[in-house]
Structure formats: structure tokens, C-alpha cells
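See structure below.
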Amino acid sequence: HKQAQWQVSLTIVSNFFFTFVFGWECLLKLAALHPRRYIASAWNRFDLFVTLVSFFGLLVDNLGAAVPIDPTVLRVLRIVRVFRIFRAFRVLRALKGLHQIIATLTGSLTALLNLLLMLVLVFFMFA
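Residues in the sequence shown are numbered consecutively from -14, following this note's numbering.
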């Protein structure tokens, strides 16, 4: 499926913007907590890893055309871009209220399923 040019441009700009926002976040937390305390947290190590992978992906994307790299090597290096999906987990981790809402919704799914089955039964009886 071919995307419109504005969608491609928006994706590129968003990629740069969020990568640099997460990079600044890592640098500020590293400066505030000091390296030893920053690395002690598993979440901070995960954040740092994802951010470094994102910067590496940007580097590969932008230097791919300028530097003569074998295309097969470039394809292998672009696999690293898959790790960028982990950035979504960083955002979800911070939203504790969202976690409570999701837990409540999953807990009420059985009751909703029972209600749906009852409704289907009523429709079937009066159809």
C-alpha cells in the first residue's frame, strides 16, 4: 500500500522528534541520577537500550544512501529498527491510571460476555 507524501514526511519528522525527545530524557535522567544509580534500574537500562537502538536506526537510515554499504548488510542493520516498538512500552509504563482502567475492563469482560449471550438468546427467541 503506497502512502501519500505527507504521511511519509510526517512519519520521518515524528521519528526524528520522538527519538530526540527520548534521547534528551535519557541524558537528563543520567545527569540527575548519576550513572551508577541510573544503570541500577532495569527500566532505565531498557530505556537507554531502546534509545540507543533508535539513534542507531536513524544513523543507518540517513547514512545508507551517502555511504557505500553493501545492501545485504544494510538490510541486516535495519532489523534493529524493530526494537523501536519497545518505546511504546515506555509510555504505557508511565500511565498507571491506564493500567487500572485496562485491568477493570478485562475483569468485566466475563460479565459483558454473559450479557451479550443473553441478548443473543432474546433475539433468537423473538426472531
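Glycine included, each C-beta is placed from N, C-alpha and C at the ideal position.
- Counting only the Cα atoms, T91 lies some 11 Å from H84.
- Between L33 and C11, the gap from beta carbon to beta carbon is short of 8 Å.
- Counting along the chain, no alpha helix (DSSP H) covers K(-13), and no H or E run does either.
- Counted as a single uninterrupted DSSP element, the alpha helix (DSSP H) harbouring A88 occupies residues 81 to 111.
- In the three-state reduction of the DSSP assignment, P53 falls in the coil class, being assigned neither a helical nor a strand state.
- DSSP, read as helix, strand or coil, puts S(-1) in helix.
- Straight-line spacing of the CA atoms in H19 and A88 works out to 35 Å.
- Shown here, S26 sits in coil according to DSSP, grouped into three states, outside any helix or strand.
- I(-3) and G82 have their alpha carbons spaced roughly 31 Å apart.
- Under the 10 Å beta carbon count, V(-7) is surrounded by fewer than 16 other beta carbons and is classified as exposed.
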